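J.: Residue numbers (the UniProt record's numbering): 1 to 79.
Got a structure for you, written out below as structure tokens; questions coming shortly.
Written as structure tokens, this is what we have:
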């Protein structure tokens with residue numbers, strides 16, 4: 001699955017997510033699905049947290065977050 005947003009592209013499969021940023025060529029953020037948290041309630045943020053790294057990125061809208069959540073079978077944290 002590919003979701004385009006204002007900062008680049010989210011490329012997802014059932015095992016991992018890769019985010020390619022247009023503002024920083026030749027760079028990407030990558031995480032296994034097990035390390036992801038999806039935060040809703042207007043924040044629309046993907047966070048990745050593992051033993052060795054942590055990152056987060058804000059999406060444009062809740063539709064993008066919900067598409068990703070549905071594809072990955074992950075809950076959106078609204079609390």
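Quick reminder that beta carbons are idealized off the backbone N, C-alpha and C, glycines included.
Just so we're clear, the structure is a prediction, and the values are computed from it rather than from any experiment.
Measuring CA to CA, which of 17, 6, 2 and 72 is closest to residue 55?
T.: Cα-wise, what sits closest to residue 55 is 17.
J.: If we count the other Cβ atoms within 10 Å of its Cβ and call it buried at 16 or more, is residue 46 buried or exposed?
T.: Buried is the call here.
J.: Answer with buried or exposed for residue 2, where buried requires no fewer than 16 other C-beta atoms within 10 angstroms of its C-beta.
T.: Exposed is the call here.
J.: For residue 14, which of helix, strand or coil comes out of DSSP?
T.: Coil.
J.: Would you kindly work out how many angstroms separate the C-alpha atoms of residue 68 and residue 79, rounded to a whole number?
T.: Each residue's Cα considered, the two are about 18 Å apart.
J.: Between which two residues does the alpha helix (DSSP H) carrying residue 72 extend?
T.: Where residue 72 is concerned, the enclosing alpha helix (DSSP H) stretches over 62-72.
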